[in-house]
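Notes for the one structure printed next.
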Amino acid sequence: MIVRKLQDAEKSDRKIVSQGWDSTRLLLKNDGMGFSFHITTIYKDAELPMHYQNHLESVYCISGKGSIEDVATGEVHAIAPGVMYALNLHDKHILRAEEEMKMACVFNPPLHGREVHNVNGAYELEAEEVVD
Ligand code: 9YT
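See below:
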């Protein structure tokens, strides 16, 4: 069994801080679950174009307020606590935060730990591993 506390993980290499967001990666590839699980904070007024060409991601909004734009269709969906979105088509999207948002995120295949977005808004399949 794996038990981890967010507050402890936030003080470790599991926390990645990037432009407009940070993410604490509670489960990673080396845990052997077949997915990774992260608690992500999107900072107020962030506008994040992303395109996870190599991964599927689902995201659940715990708190805060914003929107997600489906770039292919131009459709904009409100994000608020209780809303989940899944990028089942590797959808190119823009995430906007009107308020700081806390999100629970799952990635398949799992992240190694140190990934940040490349120029296309994607994560590479290979990255530096986090080892406790
Ligand atoms: C919601 C979202 O995709 N934010 C970017 C960070 C990502 N969720 C991650 O690495 O955990």
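Residue numbering for the sequence shown follows our numbering, beginning at 3 and increasing consecutively.
Where a beta carbon is used, it is the ideal one built from N, C-alpha and C, also for glycine.
Predicted model only: the values in this text are computed from it and were never measured.
Asked	Found
What are the boundary residues of the alpha helix (DSSP H) that D33 is part of?	Careful: D33 lies outside any alpha helix (DSSP H) and carries neither H nor E.
Under a three-way DSSP split, which group does Q10 fall into?	Reading off the sequence, residue 10 comes out as Asp, not Gln. Three-state result, D10: helix.
Does the stretch 31-44 come close enough to the stretch 102-118 that 3 or more CB-CB pairs lie under 8 Å?	yes
Find out if the Cβ-Cβ distance for the pair G36, N110 is shorter than 9 Å.	yes
Does the Cβ-Cβ distance between L113 and K31 come in under 9 Å?	yes
Taking F39 as the reference, give the member of E71, H53 and H57 with the closest Cα.	H57
Determine the burial state of K52: buried for a count of at least 16 other Cβ atoms within 10 Å of its Cβ, exposed for fewer.	According to the sequence as given, residue 52 is Met; it is not Lys. With 16 or more Cβ atoms within 10 Å of its Cβ, M52 is classed as buried.
Within 10 angstroms of the Cβ of T75, are there 16 or more other Cβ atoms? Answer buried if so, exposed if not.	exposed
When you compare only the Cα positions, how much space is there between D93 and S60?	11 Å
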